[in-house]
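All remarks here apply to the structure that follows.
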Amino acid sequence: MAPSETLQNRLKVEHHKYATFGLRVLQRHPAVSASLFSKLFLSWCMPLVRRTHQLQMEDIWSLQDINTCEFNTDRFAAEFDKNHSVVWSALRVYGNSFAVTGIWTASTRLLELVGPMVLGQVVASTGDMTHLYQWLFILLVAKLSKAFLASHTILLEETMGIRFVGALKGLLFRKLLSKGTNCRPDGVVELANAYSSDMDALLLGCKAFHNLWIMPIQIAIASAMLYREIGAASFAGMGVIALVMGFSAIVSRRQSSAYRDVATARDDRMQVVKETFGSILIVKLHAWEDRCREKILQRRTTGIETFHLEQLVMTCGRVELEHIWTFMVIAASSIFSFWAGPLFVSTASFATYTVVLELPLTASKVFTSMALFRLLQIPLSDLPMHVTSVLQAQVSLQRILSFLQQPDKPMRPQPPKHHDGPTMVVIENGTFAWDQGEGVAPTLKNVSLTVSRGDLVVVHGKVGSGKSSLCMAILGEMHQTEGTTGVYGSTAYCSQEPWIQQMSVRDNILFGSPFDSRKYTRVVEACGLLPDFGLMAFGDLTEVGSKGRNLSGGQKARISLARACYSDADIVILDAPLAAIDAVVQKQIMTKCVETLLKTRTVILVTHNGDIISSPNVNRLVELDDGGMDFVQVKPSDQLPQVVTEPVGSSTTHYETDDKTRTRTFSASFVSPRLLATHNMWREHFELALSEDTNDEVRAEGHVDTSVYGAFISACGGTSTVVLICVIQSFWQGFQIASDVWLGQWTASSDAAERTTWYMGVYAACCFGSVVMVLCRSIAIATSGLKASRHLFDSMTTSLLGTTMSFYDANPIGRVINRYAQDTASIDTRLPYSFGGLTAMFFAVVGSLLTSLAVVQWFGLLFLPILYLYVRLSQMYLRPSRELSRLKNITNSPVLTYLDEIEHGFSLLRAFGTTYLQQAIDRHAHHVNVNHQMWYAKVAVDMWFETCISLQGTAIVMIVATGLVVFRSALSAGLVGLAFNYVLMADACIVDLVKTYSSLEVGMVAPERVLQYCGLENEDPSAHSTASLTLTKGAISFNKVQFRYKPTSELVLRDLSCDIAGGEKIGIVGRTGAGKSSLTMMLFRMYPLVSGSILLDGRDILTVAKQDLRRHLSIIPQSPVLFKGTLRQYL
502 MAPSETLQNR LKVEHHKYAT FGLRVLQRHP AVSASLFSKL FLSWCMPLVR RTHQLQMEDI
562 WSLQDINTCE FNTDRFAAEF DKNHSVVWSA LRVYGNSFAV TGIWTASTRL LELVGPMVLG
622 QVVASTGDMT HLYQWLFILL VAKLSKAFLA SHTILLEETM GIRFVGALKG LLFRKLLSKG
682 TNCRPDGVVE LANAYSSDMD ALLLGCKAFH NLWIMPIQIA IASAMLYREI GAASFAGMGV
742 IALVMGFSAI VSRRQSSAYR DVATARDDRM QVVKETFGSI LIVKLHAWED RCREKILQRR
802 TTGIETFHLE QLVMTCGRVE LEHIWTFMVI AASSIFSFWA GPLFVSTASF ATYTVVLELP
862 LTASKVFTSM ALFRLLQIPL SDLPMHVTSV LQAQVSLQRI LSFLQQPDKP MRPQPPKHHD
922 GPTMVVIENG TFAWDQGEGV APTLKNVSLT VSRGDLVVVH GKVGSGKSSL CMAILGEMHQ
982 TEGTTGVYGS TAYCSQEPWI QQMSVRDNIL FGSPFDSRKY TRVVEACGLL PDFGLMAFGD
1042 LTEVGSKGRN LSGGQKARIS LARACYSDAD IVILDAPLAA IDAVVQKQIM TKCVETLLKT
1102 RTVILVTHNG DIISSPNVNR LVELDDGGMD FVQVKPSDQL PQVVTEPVGS STTHYETDDK
1162 TRTRTFSASF VSPRLLATHN MWREHFELAL SEDTNDEVRA EGHVDTSVYG AFISACGGTS
1222 TVVLICVIQS FWQGFQIASD VWLGQWTASS DAAERTTWYM GVYAACCFGS VVMVLCRSIA
1282 IATSGLKASR HLFDSMTTSL LGTTMSFYDA NPIGRVINRY AQDTASIDTR LPYSFGGLTA
1342 MFFAVVGSLL TSLAVVQWFG LLFLPILYLY VRLSQMYLRP SRELSRLKNI TNSPVLTYLD
1402 EIEHGFSLLR AFGTTYLQQA IDRHAHHVNV NHQMWYAKVA VDMWFETCIS LQGTAIVMIV
1462 ATGLVVFRSA LSAGLVGLAF NYVLMADACI VDLVKTYSSL EVGMVAPERV LQYCGLENED
1522 PSAHSTASLT LTKGAISFNK VQFRYKPTSE LVLRDLSCDI AGGEKIGIVG RTGAGKSSLT
1582 MMLFRMYPLV SGSILLDGRD ILTVAKQDLR RHLSIIPQSP VLFKGTLRQY L
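Position 185 of the sequence shown, counting from 1, maps to 686 under our numbering, and the rest follow consecutively.
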């Protein structure tokens, strides 16, 4: 069956969606052939920056082999198998690159010390211009070296991160495929969180590790330089440094503990989220939306009713948002130490120098010391943060190890000798259990079975007797406590609950095997799929939605059966595959597939069907009862067990009333499957996604819309919160500038010696005002961030539970999981402080530049051109950076979707053998590589931009410094020191401001994506205004109903009319795909009617709220779902 023209056009741009047609070929990486100049300036990424259209995945280069998931997983797994340690394995594989980043980072930090040294020389100069120009040249070399070294260090760090994360994801995925089938033990990480927040924590920890030894060295050198300037007074500052570091150490420990609590609570919440939205159809059919919302929010917000500070502090619950609040308060303490620490140090040092030692302050000593204090600010405040990051990485590492250390699939005892000849399966006195350990009751006891080549073995027995367990025991998925088992040949498995992947129908059947048209046609015809292909817009090349949601139960069962048949396995194990198939098709499949197509293979079939059990083609019957073999019969034989069943061939539907059996006649096409097929009146409702491919994820274009910022600010508390933070920030910056200007006045004052206490007191008061403003700002940011986090999460949850089923038919669960995992984590903890950091950097830059302009007025002539260059460069950078960030988030969804698929089907994959496992590993690696392509491209563009703005900052510093040297004789030492000090600070702050704004712009993609799911179409917008439903008889009337699932799709039901009296018991029959499920979906109002009406006790169901309607109806779905918990809770 050739692809249609429409499909061929889609394949040209979406090759990666269809495994049958291979994975798409991407561009060669430009860094491979780049020149030395291009590598130095990172200009090889300029083609992405210059793109005028919206970036697409096809525009991004492929990863170099050394950066791919499969390459790094193989290397990492080889080491991990030896030492079972993630840390030692990482050092063995990436140790050299890790050491290089440490050396480069240390060099970058040491180069920062050149600025204060040059400042001291310029301020203290007595007029030797040659000497000053030499120092300016040293400053130029240092700034240029730092600009290039810093960007290349980060690029190398991120490249290592890509390799390390790729290796860990590959290792976790391989463990998923090899671990036992037991339920996930308590304390084992949820994989969706391991792939997102835990990987982020590990990366931060790796980046922070070098700072644990570099920053103490930086502090020691800066302290030594400070001692040279102010002598013994520096010891007072060092004492304060020790106190600040002690406080920071306590904060780090508390923050690590809080992060562990957040991660545990997030795992618990994510499990409920995956349960709910993975079974959203069941949730809606039973009208469980309110219960599920309550269950999710109980794990998110219990105990936090309002956001008054005192109530938040007193909250002592154990749910996620409460732990996040604790984490943010501790983070606020860390930020407080960042900004307040240098102020305490300077106050203590200058007070000791002037009041205790009674020495006069000079401009050279003051402003050189101030520059050193600001250099100390970063290590003093960041060191505890880096300690916290390492501790958080340790927590995440333990969580990942908890998954990697799970026991593998059990190894079963082999028989004492290989059974040659026709024997394919042999179990000798086997006892099997699902869990290993003392006191665990066995599921199967004393089982003995021998199956020969070509046998058709039928396993039957009452519900719960162990039929599925016997299948899993043969496949090696159970612990064998006694006896031996041997399986001699390849296996294929069709599970009782069909496992369908999100790919084309053909790919689900091929399962990675080569396409053989003749063989494929025989298989799909034997499995009764050809009529279904005729109903699908793209035939068998139609893409299946998440978990096969857009297929009927019978279609999923037959696709799963066709997959097993196409595999050419020696042994085919079929666990009740015909249960969801109608009687006529069931008989056809039994004849054409099991008894004909699989005639030469060994087949083990689980069934309750009496006609199959009594079939003359069955070679062996196995009856199970309470975990033991109650009956084994080898045929031919005259004596077979009596099985009480309904006849297979009956397709007439009856019900009984008043001891009489009557036949109900329906209009339209309720007569028989044959008549339904003849008139083609109905089509299975799940055709909706078979007629249109699963939608691509919506991606915003251009700037993050102002409405997103507005919605986030509104969630934070509105404009009043923004005004409050800006006012606090203004006072903070004012106090800081005032303290520095006051020092300049102090050193230039003629009465400084007589009024030392007065000058010191004013300076201390300004510093104290800054400290108070820092504390207020930190608390305001933490409080407003928590408000936004709760509001957006609640809105998204309410919207997702209240939206239509059409949304879930078009959007895989990975997209929902991605927003609840990665995007929510970003909003919870990172985004509030990005806003806070932006305001801090903005006011710092404005204050620094205005102060420099006040001293060196001619600098104003260059201010506007320099500002234009910054704005223009930022505009060039932000567009590709935003697009790459969006692509990175979007390409993460397929990773999580595929991960969720395999989590539900890894035991079935194992049943097909190592070839199929390797195909799954390759497909997972492909998804990870595509995501990492976006990651690497974004890092390259980021570092190109950082190099450019660092060079611009260097130009500003050199222009102002040169001007100060040239006009040194016309300016006082205090003004020179003040201007030089602020231009050095402005250089660093401008870089940080642009990086923070860029980070914020990219970070705002998270609320942008969450807000996309906050405004989804409500499936029942007028529910509050409708009267409640009251049923007395339960009569149902269909009046000329026409029904479709999308406005663009064909009618599924045409002019359907019938009346069902209250109390009647009706059987609806028809072949698989005839439309039985469509009738159910229509009755439960899962999709809207086109025309006509449905009456319940004379009332039109369109006038009843959907939840009220569904509460009055009850359904046993084709694919039942049990949520985690006790049976009593579920009932």
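Heads up, the beta-carbon is just placed ideally off N, CA and C, and yes, glycines get one too.
In DSSP terms, what residue i is bridged to
i: D1601; result: L1596
i: N1540; result: S1594
i: F933; result: L945 and Q981
i: G967; result: In the DSSP output, where bridge partners are listed per residue, G967 has none listed.
i: D1076; result: V1107
i: G662; result: DSSP, once it has assigned bridges, lists no residue as partnering G662.
i: I928; result: L950 and T986
i: T1531; result: In the DSSP output, where bridge partners are listed per residue, T1531 has none listed.
Buried versus exposed, by CB contacts within 10 Å (16 or more), residue i
i: D629; result: exposed
i: H887; result: buried
i: P1508; result: buried
i: N947; result: exposed
i: R729; result: exposed
i: M912; result: exposed
i: V1492; result: buried
i: G1286; result: buried
i: A1249; result: exposed
i: I1114; result: buried
i: P885; result: buried
i: H1180; result: Per-residue confidence for H1180 stands at a pLDDT of 32, beneath the threshold of 50, marking its modelled position as unreliable; no derived number is given.
i: E1447; result: buried
i: P1395; result: buried
Residue from the options with nearest C-alpha to residue i
i: T1108; options: R1050, T1101 and S1116; result: S1116
i: R1424; options: F674, T1284, V623 and A578; result: F674
i: R954; options: Q1513, V927 and F851; result: V927
i: V466; options: C1028, D1241, R1023 and V1440; result: Lying before the first or after the last residue shown, residue 466 is absent from the chain, which here runs from 502 to 1632.
i: V1346; options: L1485, V1224, W1445 and Y1264; result: L1485
i: L1512; options: P1395, L1106 and I1328; result: I1328
i: F845; options: G1593, A693, S1240 and F1407; result: S1240
i: M1297; options: F1039, R801, I1082 and L1452; result: R801
i: A832; options: L1465, A648 and G1338; result: G1338
Any non-hydrogen atom of the ligand MG within 7 Å of residue i CB
i: P1548; result: Among the ligands in the structure shown, none appear at all, so the ligand MG cannot be discussed.
Beta carbon of residue i nearer than 8 Å to that of residue j
i: I561; j: Q1434; result: yes
i: I1282; j: Y1334; result: yes
i: C972; j: D1126; result: no
i: A993; j: A1070; result: yes
i: A1065; j: P999; result: no
i: N1312; j: T569; result: no
i: V1073; j: L950; result: no
Residue interval of the alpha helix (DSSP H) (run including residue i)
i: A750; result: A734 to G779
i: Y1021; result: S1018 to A1027
i: C1267; result: T1257 to G1303
i: A1239; result: T1220 to A1249
i: C707; result: M700 to F710
i: C793; result: E790 to T802
Residue range of the beta strand (DSSP E) that includes residue i
i: I1561; result: L1554 to I1561
i: E859; result: E859 -> no beta strand (DSSP E), and no H or E assigned at all.
i: R1424; result: Careful: R1424 lies outside any beta strand (DSSP E), inside the alpha helix (DSSP H) at T1415 to V1467.
i: L1125; result: R1121 to D1126
i: L957; result: L957 to G962
Any C-beta of chain B under 8 Å from that of residue i
i: S1116; result: Although the question refers to chain B, the structure presented lacks it and comprises just one protein chain.
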